[in-house]
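Residue numbers (this note's numbering): 5 to 184.
Beta carbons: idealized from backbone N, C-alpha and C, even for Gly.
Below: one structure, written as structure tokens.
Quick look at the structure:
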């Protein structure tokens with residue numbers, strides 16, 4: 005018996021931005037996240053610098069897990085064009101997705117990691133080949149998204165029934181135009 009495999013239309017978030025670090029994953033010390041490449045004349049061809057908010061701290065391993073296992077999966081499911089507002093789920097849902105026990109301490113850690121991710125400021129100058137084959141260059145200073153907690157007001161006036169992120173325009177533009 006011959007069976008045919010259904011073709012999968014999978015969208016991946018691993019784009020040009022995935023090559024660059026955002027999270028501090030070292031166990032000890034504080035290592036700055038900064039990349040710079042120059043051409044033969046000393047002009048910057050690549051700049052990538054991540055700075056953290058002193059109140060919330062530097063994004064670390066839990067923030068990395070949230071970005072890779074929750075945020076990127078939600079972006080994959082949403083497809084392109086990338087939506088501005090993305091529902092992540094309740095803190096309890098996020099605990100479950102990360103394989104953590106649903107406890108007050110874990111929910112508080114997740115909330116802190118979400119804020120660390122949201123306040124990670126990126127200063128970048130990057131070049132990449134777009135989906136349509138054109139060469140693109142972008143230079144910006146921004147964060148990737150804003151976090152809206154359950155019960156707060158979303159941009160359309162609705163009350164958030166879960167944790168949401170609001171993706172910033174430049175970040176969405178690069179996600180939508182970069183090949184996967």
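DSSP places residue 177 in the helix class (H, G or I) of the three-state scheme. With a minimum length of 3 residues, the unbroken runs of beta strand (DSSP E) contained wholly in the segment 90 to 156 fall at 125 to 133, 139 to 146, 149 to 152.
By the CB criterion at 9 Å, residue 140 and residue 131 fall inside the cutoff. Between residue 73 and residue 102, the CB-CB gap stays under 9 Å.
It is roughly 21 Å from the alpha-carbon of residue 86 to the alpha-carbon of residue 119. In this structure, the alpha-carbon of residue 174 lies about 29 Å from that of residue 44.
In the three-state reduction of the DSSP assignment, residue 158 falls in the coil class, being assigned neither a helical nor a strand state. A distance of 9 Å or more separates the beta carbons of residue 169 and residue 104.
Residue environment analysis places residue 145 among the exposed positions, since fewer than 16 neighbouring C-beta atoms fall within 10 angstroms of its C-beta.
Unbroken alpha helix (DSSP H) stretches of 4 residues or longer found wholly inside the segment 44 to 94: 65 to 69, 76 to 82, given in chain order. Apart from the 5 residues on each side of it in sequence, residue 156 sits with its Cβ closer than 7 Å to the Cβ of 164 in its chain, given in chain order. In this structure, residue 151 lies near residue 121, with their beta-carbon atoms less than 9 Å apart. Annotation for residue 41: 49, 50 place their beta carbon closer than 6 Å to its own, counting only its chain and skipping 5 residues before and after. Taking all protein chains shown into account, residue 98 has 16 or more neighbouring C-beta atoms within 10 Å of its C-beta and is therefore buried.
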